[in-house]
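Undergrad: Take this structure, written in structure tokens, and hold onto it; I'll ask about it next.
2 protein chains.
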Amino acid sequence: MTQGARAEQQDSVGTQALAARTAARALAAASSAKKNAALTGMADALGGQLPEILEANAADLVNAEGGDMSTAMLDRLRLTEQRILDMAEALRKLIALPDPVGQVVRGSALSNGLQVTQVRVPLGVVAIVYEGRPNVTADAAGLCIKSGNAALLRGSASAYQTNRVLVAILSNALACAGLPGQGIQLVGAHRSTVGELLTARGLVDVVIPRGGAGLIEHVVSHATVPVIETGIGNCHVYVDAAADLAMAEAIVLNAKTSRPSVCNSAETLLVHRDIAERFLPPMAAALQDAGVTLHGDPAVARLASHVLPATEKDWATEYLSLDMAVRIVDSLPGAVEHIARWGTGHTEAIVSDSASAIAAFVAGVDAAAVMVNASTRFTDGSEFGFGAEIGISTQKLHARGPLGLPELTTTTYVVTGTGQIR
Amino acid sequence: MTQGARAEQQDSVGTQALAARTAARALAAASSAKKNAALTGMADALGGQLPEILEANAADLVNAEGGDMSTAMLDRLRLTEQRILDMAEALRKLIALPDPVGQVVRGSALSNGLQVTQVRVPLGVVAIVYEGRPNVTADAAGLCIKSGNAALLRGSASAYQTNRVLVAILSNALACAGLPGQGIQLVGAHRSTVGELLTARGLVDVVIPRGGAGLIEHVVSHATVPVIETGIGNCHVYVDAAADLAMAEAIVLNAKTSRPSVCNSAETLLVHRDIAERFLPPMAAALQDAGVTLHGDPAVARLASHVLPATEKDWATEYLSLDMAVRIVDSLPGAVEHIARWGTGHTEAIVSDSASAIAAFVAGVDAAAVMVNASTRFTDGSEFGFGAEIGISTQKLHARGPLGLPELTTTTYVVTGTGQIR
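Going down the list, the sequences are from chains V and U. Read in order, the letters of the first sequence are residues 855 to 1276 in this note's numbering. Read in order, the letters of the second sequence are residues 855 to 1276 in this note's numbering.
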């Protein structure tokens, strides 16, 4: 790249962020009715411009097929008419959700007569750095608009043509609804643009990475702008001595196999030694029948066949595939210890009929969600009834678990007086 | 420093953080009664060991007097019997405050029968990096213990002897109450220890800097651990065309002069041009009588004497002294623009009797607190009725404004089922 080209491109992220800030102020002041009208317009526009979107997507696919992308990755990148209509439908679903902006979180009258009200306001400019799937583009844009924020979208280079067309359509629909089109912008897919977003203090209010562990680690290490970490899920299911074994088998099978590529799927099975002999052989067979490769410690290998030896790497790995690590633990505290050492604070599940075991597990593990006698797969914005989600936060600040619309806001204290001084 | 000494010291922050993590788990599980008993013990211990604390403080003061510390800084460092008893009293006040841990933030039953409950849990290990005043040591320790967190305290080198004795007393009192003494630890005051805390991902859950702009900038730039920014307050008072001028004068005088060294004092006065001629001459005289130096634009200088010319630097400066920048604005949007450009998102005030002007100002400024007809000085945890505060957040994530006990917690979703799968 020439120096000139590099300067122009650096300028461009800064210029975009500045325009986003201006747009954010108008979006913050927009009524719910106006924002909902924009969402309708955005959904209609996606549905009305299918050929243009599919054509851009075809170009991305042609480029990708020349590279080393896996079939799964290619499938994530691929749009179909149905997938685009699903994106439009997701935008329409946001309309019915309550607008978080203006909600009063708490309020009180002080003894000196001051009225203190804590009110939800938009964050401002939200940057989303994501990989793969182009549906994130519409989802993230819709969530930001509904919550009164401007969106700076930095998708992957492989989806650039698709994202460019999607953002042009969405931004245009926003402008047609009387809101600033620059409230939705796509940032160039050059390597350097991520870094520019991550350090745009004063211009970008928060960066939300959506993607694999490498992306998230990069963002956290390089950002000076506040970050909401999302989505690394090394989730465990602990089958207690007091578990209903049939329930445990159904939960483990569901947690591992219903959609292995997502962050709320289970990666490690921890089994209390008292029930291991009864539980593990049929459980292992059921998992293997479903195509799962087991990685177990020696005690596991004694109870099931075709078990690969597990190392510390297995305890640490978010497989995102039909692999599962299996360990027999001596006690509930042993399970809690294992999770404290290897968990990523996403979702941890216990299957048990013992109230005291459940209480000890809930108090002992430190995670965004703890499932009691339910599949890890329920940690999800729409399952929780939040409508859409922009990710699942695995950090402790700001928001933990599924990030819905209220999590895309901050608050202001409005203090009203009659001339009070201190 | 020898390599050996450096290695030992690096080890030491890591070892301390690891011990803090273990302590944090016990503190998270501690009952309110036990934590309150510890706070009583901590307060009693401070009151009972006055000579030891004063002796250590005298040693710090002797060291400091050899350096280039200002009289104001020396005063901040100095402890007296009364100041120590005030620290003990502040700890006792925490006892009566509600324990945030275990509070249910929200909950619902899903249509599939799952019970979802969002519960407050401690953050874990909270590192506080602070300057100057040793009372922060006891305040921060008390707030952390009450909210079930372990505290890693990194005070300034100038207060090291004092802090060392304070932490030994507080930690010992914690242990006597049956809680892990390593829940309150002082980190060495070497330069490198700040960096070690800032990058202790997985060991430290949040870093809260308390101090000047330089410290906060350093922390934000170097941290990979999540940070809560606090306390930079370039606060404005806008006197609207529809203001009660006597009220405005009292508020401006209070906001500037009642305690100029704190973050919620006002730094810039913005005056609507329609009332400038009536308002500014007596206002300027009143401020000058109170010892305030005015820095104004040419329009201000025409209406008041002894006004130093203001530059952009003045608009940008948090003086923290008896200086005030003054600007005449053409309109309310002009005031909002000025604040958008130069404010730090702490506290902005409007004095006006116009409901529409107030609404426009509240909607237009983006700050932790907006004061309507009240002094900026009210942005304060105890004024808001939160009891103690650990700082005033000027960032948008997690918490904005005074940080009380609930802001020292995160949440967990506890999802209870009867075998549900997806």
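Note that beta-carbon positions come from the ideal geometry of N, C-alpha and C, so glycine has one too.
Check each candidate in V:Val-1060, V:Pro-1080, V:His-1072, V:Asp-914 and name the one with the smallest Cα separation from Leu-1073 of chain U.
TA: Looking at the sequence shown, residue 1073 of chain U is not Leu but Val. For Val-1073 of chain U, the nearest C-alpha among the options comes from V:Pro-1080.
Undergrad: For chain V, find out if any of its Cβ atoms is closer than 8 Å to the Cβ of Ala-884 of chain U; answer yes or no.
TA: Not an interface residue.
Undergrad: Express the C-alpha separation of Leu-1040 of chain U and Gly-1056 of chain U in angstroms, rounding to a whole number.
TA: Computed Cα separation, rounded: 19 Å.
Undergrad: Mind the definition here: the segment 970 to 981 of chain V touches the segment 926 to 933 of chain V only if three or more C-beta pairs lie below 8 Å; say whether that holds.
TA: Judged by Cβ distances under 8 Å, the segment 970 to 981 of chain V makes no contact with the segment 926 to 933 of chain V, as fewer than three pairs qualify.
Undergrad: How about Leu-904 of chain V and Ala-992 of chain V: are their beta carbons less than 8 Å apart?
TA: No, the pair does not count as a contact, with Cβ atoms beyond the cut-off.
Undergrad: What's the C-alpha gap between Asp-1207 of chain U and Gly-1273 of chain V?
TA: Going from the Cα of Asp-1207 of chain U to the Cα of Gly-1273 of chain V covers about 11 Å.
Undergrad: Work out the CA separation of Ala-1221 of chain U and Pro-1136 of chain U for me, nearest whole Å.
TA: If I take the Cα positions, the gap works out to 29 Å.
Undergrad: Looking at Asp-914 of chain V and Thr-1013 of chain V, is the spacing between their C-beta atoms short of 8 Å?
TA: For the sequence presented, residue 1013 of chain V should be read as Ala rather than Thr. It is a contact, given that the beta carbons lie within the stated cut-off.
Undergrad: With a cut-off of 8 Å, does the C-beta of Asn-1108 of chain V fall near any C-beta of chain U?
TA: It does; some Cβ of chain U falls within 8 Å.
Undergrad: First and last residue of the alpha helix (DSSP H) that includes Thr-1111 of chain U?
TA: Segment 1099 to 1111, the alpha helix (DSSP H) holding Thr-1111 of chain U.
Undergrad: Nearest CA to the CA of Thr-1263 of chain U: which residue from U:Thr-1053, U:Ser-885, U:Asn-917, U:Asp-1059?
TA: Measuring from the Cα of Thr-1263 of chain U, the nearest candidate turns out to be U:Asp-1059.
Undergrad: Output yes if chain V places a C-beta closer than 8 Å to the C-beta of Ala-992 of chain U; else output no.
TA: With 8 Å as the cut-off, Ala-992 of chain U does not count as an interface residue toward chain V.
Undergrad: Kindly indicate which residue of V:Asn-1026, V:Val-1116, V:Asn-989, V:Met-896 has the alpha-carbon position closest to the one of Arg-1008 of chain V.
TA: It is V:Asn-989.
Undergrad: How far does the beta strand (DSSP E) with Arg-1064 of chain U in it reach, from first residue to last?
TA: Its beta strand (DSSP E) spans residues 1060 to 1064.
Undergrad: Under 8 Å between beta-carbons, which chain V residues line up against Arg-1231 of chain U? List them in chain order, please.
TA: Correct list: Ile-1275, Arg-1276.
Undergrad: Does His-1252 of chain U get closer than 8 Å to chain V when you measure Cβ to Cβ?
TA: True, the Cβ-Cβ gap to chain V drops below 8 Å.
Undergrad: How should Glu-919 of chain U be labelled, buried or exposed, when 16 other C-beta atoms within 10 angstroms of its C-beta is the threshold for buried?
TA: Exposed, by the Cβ-count rule.
Undergrad: Confirm, please, whether the CB-CB distance from Ala-1140 of chain V to Leu-1107 of chain V is below 8 Å.
TA: In this structure, Ala-1140 of chain V lies closer than 8 Å to Leu-1107 of chain V by Cβ.
Undergrad: Along the chain, where does the beta strand (DSSP E) containing Ile-1182 of chain U start, and where does it finish?
TA: That run of the beta strand (DSSP E) goes 1177 to 1183.
Undergrad: Quick one: is Asn-1227 of chain U near chain V, going by C-beta distance under 8 Å?
TA: Output row for Asn-1227 of chain U: interface = yes.
Undergrad: For Ser-1229 of chain V, is the classification buried or exposed, using 16 other Cβ atoms within 10 angstroms of its Cβ as the cut-off for buried?
TA: Buried, because 16 or more other Cβ atoms sit within 10 Å of the Cβ of Ser-1229 of chain V.
Undergrad: May I ask you to list the residues that DSSP assigns as paired with Glu-1202 of chain V?
TA: Answer is V:His-1090, V:Val-1224, bridged to Glu-1202 of chain V.
Undergrad: Less than 8 Å between C-beta atoms, sequence neighbours within five positions excluded: which residues of the same chain meet that for Leu-1170 of chain U?
TA: The sequence shown places Ala at residue 1170 of chain U, not Leu. Asn-1088, Trp-1196.
Undergrad: On a CA-only basis, which of V:Asp-1168, V:Gly-986, V:Ser-1025, V:Val-1125 is nearest Ser-924 of chain V? Give me that one, please.
TA: The candidate whose alpha carbon is nearest that of Ser-924 of chain V is V:Gly-986.
Undergrad: Under 8 Å Cβ to Cβ from Glu-1172 of chain U, same chain only, skipping five residues before and after it: list those, please.
TA: Here the set comprises Ala-1067, Ile-1086, Gly-1087, Asn-1088, Cys-1117, Glu-1121, Thr-1198.
Undergrad: Run through DSSP, which three-state label would Tyr-1173 of chain V get?
TA: The answer is coil: DSSP assigns Tyr-1173 of chain V none of H, G, I, E or B.
Undergrad: Taking its Cβ as the centre, do 16 or more other Cβ atoms sit within 10 Å of Met-855 of chain V, making it buried, or is it exposed?
TA: Note on Met-855 of chain V: pLDDT 36, under 50, position unreliable in the model; no value is reported.
Undergrad: Tell me which residues share the same chain as His-1126 of chain U and place their Cβ nearer than 6 Å to its Cβ, disregarding the 5 neighbours each side in the sequence.
TA: Cβ within range, chain order: Asp-1094, Ala-1095.
Undergrad: Which same chain residues end up closer than 6 Å to Phe-1215 of chain V when comparing Cβ atoms and leaving out the 5 residues on each side of it in sequence?
TA: Excluding sequence neighbours, Phe-1215 of chain V sits near Ile-1204.
Undergrad: Specify the secondary structure class of Ala-1077 of chain U as computed by DSSP and reduced to three states.
TA: Here Ala-1077 of chain U sits in coil by DSSP.
Undergrad: Restricting to Cα atoms, I'd like to know which of V:Leu-908, V:Ala-912, V:Gln-936, V:Gly-996 is closest to Ala-950 of chain V.
TA: It is V:Gly-996.
Undergrad: Would Ile-1062 of chain U and Thr-1084 of chain U qualify as a contact pair, given that the criterion is a beta-carbon distance under 8 Å?
TA: Closer than 8 Å, so yes.
Undergrad: Please state whether the Cβ-Cβ distance between Leu-822 of chain U and Leu-1020 of chain U is less than 8 Å.
TA: The displayed coordinates of chain U run from 855 to 1276. Any statement about residue 822 of chain U would go beyond what the structure contains.
Undergrad: Which whole-angstrom value describes the C-beta separation of Glu-1307 of chain V and Val-1219 of chain V, a residue pair presumed to lie in contact below a C-beta threshold of 8 Å?
TA: No answer is possible for residue 1307 of chain V: the residues shown for chain V start at 855 and end at 1276.
Undergrad: Return the chain-ordered list of same chain residues with a C-beta closer than 7 Å to the C-beta of Gly-956 of chain U, the five sequence neighbours on each side being excluded.
TA: Val-973, Arg-974, listed in sequence order.
Undergrad: Alpha carbon to alpha carbon, how far is Ala-1005 of chain U from Gly-1035 of chain U?
TA: Straight-line Cα distance between these residues: approximately 11 Å.
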